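K.L.:
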Amino acid sequence: MARIVMKFGGTSMAGTERIRRVANIVRKQQAGGNEVAVVVSAMAGETDRLVNFAREANALHDPAEYDVVVASGEQVTSGLLALTLQSLGCKARSWLGWQLPVRTIEAHAKARIDAIDGDALAAAMGRGEIAVIPGFQGVSEEGRITTMGRGGSDTSAVAVAAAIGADRCDIYTDVDGVYTTDPRIVAKARKLKAVTYEEMLELASVGAKVLQTRSVGLAMKEGVRVQVLSSFVGDDAVPADDIPGTLIVSEDEMNELVEKGEMERQHVTGIAHDKNEAKIILTRVPDKPGAVAHIFEPLAAASINVDMIIQNVGRDKGETDVTFTVPQADLARAQALLEDKRDEIGFNRIITDSRIAKISVVGVGMKSHAGVASTMFRALSDRGINIQAISTSEIKVSVMIDEDETELAVRVLHTAYGLDAEDEAA
Ligand code: ADP
Ligand code: ASP
Ligand code: MG
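Taken in order, the sequence shown gives residues 19 to 444; the numbers are from this note's numbering.
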């Protein structure tokens, strides 16, 4: 007997028909002799709708009340799934964030899970009850409802799996695994049998939204076995226990798979894109010690994450331009903060641009292989795609380009690194 956490995303939960399909998958997993807990998202589009209501009610919304509104989508689907499971003859009940409880810390709308009390859950599961938990929501130290940032149900699922010592956390979504890039953009994207925690963490953080970044970090820290697989399958589908999807594995497990010939080591494992950043250019900043600190300190104090930074070579008269990116959602706030500090920083103009995209290539293979970045620059330049900024880490190279060229760039790079599906057959 195994203990399994199953998480179903928004598309899988969109409407009673789909929820019935989910209930069938859950029932089968339990009928195989397993203890089962299920974490669910709101119906597809519902969280966006709720966010808009909150915005319309008050553009400068109180984050605590925002959470009350947006957490409700998951409350609906958890009750509906419990009802549907009962209609199939299963014992099932919902456990809301405050009932478990899922204790969170830090800010509303981007809360972090601190602790989950798994005892009541484990006891219920032991009695043959299917526990249905709304993802995304928790409860603050003050007893108020919190939410964990968009895509947060993935993190709820991994946290529940860690709390009850689950044997596996299956993340069911609308694609059948993690691919070399977003399969909705590149038809030749290839499904990966396995990907390391480190690579998945990097891919998620640079825009591959198939898993929330925090969920991968948590799984890595807690050693949770995670599989990404599709809920859009027929009755004759390969059982989840036979790992039809993509398994997130440790470096050691990956090495074993490579030795057995089940995985091939590539320099680049995957490519991701992110259209949610914006560029800020400050012109004619004094080229002297302390100038850059004056720019970034107020942004850091306001919890605005700065990503790529370029400081141009100083022009004459001891001045320079500084370019950097921030999340689009924080652009207006960042601009206002910088305007406030205009005299202190001493810049001339602020130029902003939201029509940019970040394209990243990721792979642990690049730790020991030179030339990955130059392949990227050559492939993009051959297609006339201009690079506006570059940043790198040990296992990633990112470039900033014009947003209109996103899809083209991803496709071109996918081919340049030999990742296209037909390459494998060749
Ligand atoms: P859910 O609602 O189930 O949480 P998401 O929309 O959050 O689903 O994530 C699934 C989507 O992630 C897929 O539909 C796909 O378009 C996208 N995606 C982006 N990059 C990848 C990738 N490398 N592999 C698989 N899917 C990806
Ligand atoms: N419903 C939330 C969202 O859309 C959380 C999730 O689905 O993971 O972001
Ligand atoms: Mg998601």
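For each residue, glycine too, the CB sits at the ideal point set by N, CA and C. Please read these numbers as outputs of a predicted model, since none were measured by experiment.
Of the residues I289, D80, K109, which one's Cα is nearest the Cα of R202?
P.N.:
Of the listed residues, the one whose Cα sits closest to R202 is I289.
K.L.:
Report buried or exposed for M19, applying the criterion of at least 16 other Cβ atoms within 10 angstroms of its Cβ.
P.N.:
Counting Cβ neighbours within 10 Å, M19 comes out exposed, since fewer than 16 surround it.
K.L.:
Measure the CB-CB distance between T301 and V324 and report whether it falls below 9 angstroms.
P.N.:
Not in contact: T301 and V324 (Cβ atoms no closer than 9 angstroms).
K.L.:
Taking the alpha-carbon positions, what's the D438 to T199 distance?
P.N.:
D438 and T199: Cα-Cα distance of roughly 10 angstroms.
K.L.:
Rounded to the nearest angstrom, what separates R38 and A175 at their Cα positions?
P.N.:
Between R38 and A175, the C-alpha separation is close to 20 angstroms.
K.L.:
Roughly how many angstroms separate the alpha carbons of G136 and I182, rounded to a whole number?
P.N.:
If I take the Cα positions, the gap works out to 5 angstroms.
K.L.:
Per DSSP, E337 is paired with what?
P.N.:
DSSP output for E337 lists P304 as bridge partner(s).
K.L.:
Once DSSP output is grouped into helix, strand and coil, what is the label at T164?
P.N.:
Correct three-state label for T164: strand.
K.L.:
With a threshold of 16 other CB atoms inside 10 Å of the CB of E412, please say whether the residue is buried or exposed.
P.N.:
So E412 ends up on the exposed side.
K.L.:
Which value, in whole angstroms, describes the spacing of the CA atoms of G252 and I148?
P.N.:
If I take the Cα positions, the gap works out to 22 angstroms.
K.L.:
Would DSSP call H79 helix, strand or coil?
P.N.:
Three-state result, H79: coil.
K.L.:
Determine which residues share a DSSP beta bridge with H312 and list them.
P.N.:
Answer is none; H312 lacks a bridge partner.
K.L.:
Measure from the alpha carbon of E440 to the alpha carbon of each residue in S233, V204, L265, then state which is nearest.
P.N.:
If we check each option's Cα against that of E440, V204 comes out closest.
K.L.:
Can you list, in chain order, the residues of its chain whose CB lies under 7 angstroms from that of V390, leaving out five sequence neighbours each side?
P.N.:
Closer than 7 angstroms at the Cβ level, and outside the excluded window around V390, lie H285, V286, V379, M384, V415.
K.L.:
Looking at G364 and V303, is the spacing between their C-beta atoms short of 9 angstroms?
P.N.:
Their beta carbons are under 9 angstroms apart, which means V303 touches G364 by this criterion.
K.L.:
Report yes or no: do the stretch 44-53 and the stretch 97-117 share at least 3 C-beta pairs separated by less than 8 angstroms?
P.N.:
Yes: at least three Cβ pairs fall under 8 angstroms.
K.L.:
Report the residue ranges of all beta strand (DSSP E) runs contained in full by the stretch 337-374; include only those spanning at least 3 residues, in chain order.
P.N.:
Those beta strand (DSSP E) runs which fall completely within the stretch 337-374 and span 3+ residues are 337-345, 368-371.
K.L.:
Quick check on R121: does DSSP put it in helix, strand or coil?
P.N.:
Strand at R121.
K.L.:
Which residues in the same chain as G167 place their Cβ atom closer than 6 angstroms to its Cβ, once the five residues preceding and following it in sequence are excluded?
P.N.:
Result list for G167: K128, in chain order.
K.L.:
Check the DSSP bridge columns for M24 and list the partner residues they point to.
P.N.:
Looking at the DSSP assignment, M24 forms a beta bridge with V56, D188.
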